[in-house]
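Structure, as structure tokens:
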Amino acid sequence: MKWEGSVYVEETGDYEFIIKTENGARLWVNEQEPIIDEWVSSQGRAKEHKATIRLLGGRPYTLRLHVFKYKDKSSSISLEWKPPHKAQEVIPQRHLVPQQVPGTFIVSTEFPPDDSVSGYERGVAVSKSWDDATTSAALEIMTGVIKHLDRLAGTKPEAKDRRDKVQKFCHRFAELAFRRPLTTEQRTFFVDQHFQPELKTELAAKRSVLLILKSPRFLYTDREFAQPDDFTIASRLSYGLWDSMPDRQLYDAAKAGRLNKPEQIAQQAERMLNDPRAQAKLRYFFHHWLQLDEKEELAKDKALFPEFDDHVVADLRTSLDMFIDDVVWNGSSDYRQLLLADYVYMNSRLAKVYQVEMPEGESFQKVSLDKDKRAGVLTHPYLMANFAYHNLSSPIHRGVFVTRRLLGRSLKPPPQATEFKDGDFHAGMTTREKVAQITKPSACMSCHSIINPLGFSLEHFDAIGRYRKQEVKKDINASAELVSLTGDTVKFNGARDLAEYISQDQNAHAAFVDQLFHQAVKQPINAYGEKIRDDLTTRFEKSGYNIQQLLVEIMKVAALHQPQS
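Numbering (UniProt numbering), first residue to last: 1 to 565.
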């Protein structure tokens, strides 16, 4: 038996593939060599074979599965995987396609983490460990190039013109790496000087490739204080939207001088948004915006929530991703629907845990909910469970999240660290009453006058994000009052009121613009001028809060303007 096609991955990370079979089996994933090679029957005894491979999100990878029955009386096989942040499962059908794709070279060298003190990852300094990593990665890539040199250069070992074709390949390699045509001096320095008669072709190619990959022209995407030309603009677009170099269409547009006008940049950006790499990058942004990337493990009290296992957590993450994708990539891409939508994606396992009626089935389906109880991402069970204790809701964690991430308001560090110890309170007190008591001192209320009302409005959701009407046999009180930045008193009675307020608040709109700008451009928005935030926010509102269009507008700014230090 053979199955050959591709597997699509949404998130960058390590993927463990698992084969369960009593027969012989081989599995290829983005490799010319199988990552699992068990081409021997186990004589009717089912065995499990595993292999882990690192994959980049937003890309399909060739997957080939071959099964060998030989003289076995029966034949069966199961192909499962364990993606990053997910539980082990049979690979869902939505991740498999019957077409194969060219292989992708993925560097295994580990790089030191980028600095994230500004709220988004950005390389701010060159360290010895980073320089060592670039050297190791360059050697790794060079080895891969030499291994496939004839195929890459379009030649054969015995061809008379092999050396010329390899040299021309190195010219193309340098041009792609530097993301612009080579000058005569660059062609000589990076390629031609190595192809002297006394050097073997492979050695010349090795030296050329290493020099190219260690050049600042490859390692850095921009040139400080330079007026951006079409090729600089192409790089800014590709790294802003894809975290990768320009494709052929974008490069050709730059080469033809068709990337220096706002409308030309917008046209390319809109095209590029249809690429899965842009969708993967935007998904990463939402994980960061919603602080989903700050907690390695989400676990709850097994005595109180026995049904909340790893599979439920994985399903919740998938559910949230599907909801965000639906809002962003379908219809009007309306930011407000992130907060106001009255539906969620669920499978039968989640429906059982969260007491939602839906048809039986393992696959995820769009399920409408009571809009008075649920409000978009704000009340999604995965988000509510993330901002909660292992046994209780947490109005403080939820309130801080809403204050900083959704409303864009700053908070001072607490004057003193106060640990929330549930055992210190009377057993009959609600979580709201406990929080009100512990934050009562005036020194606390300077911030908790903002945090508490926002968190209290979400008290209908317990530690796993399940809707509840009571706690400790008392009716939930989700009413609250907040003094806005304009001095007005805003009243809430539950999550729906809070979501309505955030969706209409201009400061929240500006905060979203800020966050998306930082993630796409890796620069503070103020570096592009004091008026840029207001200009982008105005354009965002006029577009009907279209998220895709906002990203296009951001890339126009970043492509055409040089940031100021």
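Don't be surprised by glycine CBs; every beta carbon is placed ideally from N, CA and C.
- With a cutoff of 8 Å on beta-carbon distance, F285 and T379 are scored as not near each other.
- When DSSP states are grouped into helix, strand and coil, V9 belongs to the strand group.
- For the pair of segments examined, the stretch 387-394 was found to touch the stretch 458-477: the number of CB pairs separated by less than 8 Å reaches three.
- In its chain, beyond the 5 residues on either side, K20, T21, E22, E38 have a beta carbon closer than 8 Å to the beta carbon of K47.
- The continuous alpha helix (DSSP H) containing K434 extends over residues 431-438.
- Rounded to the nearest whole angstrom, the C-alpha separation of K2 and D293 is 37 Å.
- Under DSSP, D475 takes part in a beta bridge, and its partners are Q470.
- Cβ atoms of Y8 and H85 stay farther apart than 8 Å, at about 17 Å.
- Cβ-Cβ distances below 8 Å link C447 to L411, K412, P414 in the same chain, with the five nearest sequence neighbours on each side left out; the list follows chain order.
- W39 carries a coil assignment under DSSP once its states are collapsed to helix, strand and coil.
- Taking Y545 as the centre and dropping the five residues before and after it, the same chain places the C-beta of D334, Y335, R336, H509 closer than 8 Å to its C-beta, in chain order.
- For K165, the enclosing alpha helix (DSSP H) stretches over residues 162-178.
- One alpha carbon belongs to F190, the other to E4, and they sit about 40 Å apart.
- Taken in chain order, the complete beta strand (DSSP E) segments of 3 or more residues contained in the stretch 465-549 are 479-483, 489-493.
- Contact between the stretch 200-214 and the stretch 138-151 is present, with at least three C-beta pairs closer than 8 Å.
- When the five nearest sequence neighbours on each side are left out, the beta carbons in the same chain lying within less than 6 Å of the beta carbon of V90 are those of E80, in order along the chain.
- In the three-state DSSP reduction, H561 falls in the coil class, being neither helix nor strand.
- Contact between V513 and T537 holds, with the beta-carbon distance rounding to 5 Å and staying under 8 Å.
- When the beta-carbon positions are compared, P563 and A520 stay at least 8 Å from each other.
- Uninterrupted beta strand (DSSP E) stretches at least 3 residues long and entirely within the stretch 194-218 do not occur.
- Residue pairing of F17 in beta bridges, as defined by DSSP: A51, W81.
- Setting aside the 5 residues that flank it on each side, W329 is surrounded in the same chain by Q279, each with a C-beta closer than 7 Å to its C-beta; the list follows chain order.
- The beta-carbon separation of A559 and R236, rounded to 5 Å, stays under the 8 Å limit for a contact.
- With 16 or more other CB atoms across the displayed protein chains lying within 10 angstroms of its CB, D230 is buried.
- Annotation: the continuous alpha helix (DSSP H) that includes P395 extends over 395-401.
- With fewer than 16 other CB atoms across the displayed protein chains lying within 10 angstroms of its CB, R151 is exposed.
- R405 has its alpha-carbon roughly 21 Å from the corresponding atom of G240.
- Around the beta carbon of K440, a 10 Å sphere encloses fewer than 16 other beta carbons of the protein chains shown; the residue is thus reported as exposed.
- M346 has Q365 as its beta-bridge partners, per DSSP.
- Contact between R277 and S244 holds: their C-beta atoms lie close to 6 Å from each other, under 8 Å.
- Cβ-Cβ separation between N347 and S363: approximately 6 Å, consistent with a contact (criterion under 8 Å).
- Secondary structure note for R59: its beta strand (DSSP E) is the uninterrupted segment 59-68.
- Counting the other Cβ atoms within 10 Å of the Cβ of V400 gives 16 or more, which makes it buried.
- Annotation for A385: no beta strand (DSSP E) segment contains it, though the alpha helix (DSSP H) segment containing it runs 381-386.
- DSSP places E22 outside both helix and strand once states are collapsed to three, so it counts as coil.
- In this chain, W242 is not harboured by any alpha helix (DSSP H), its DSSP state being neither H nor E.
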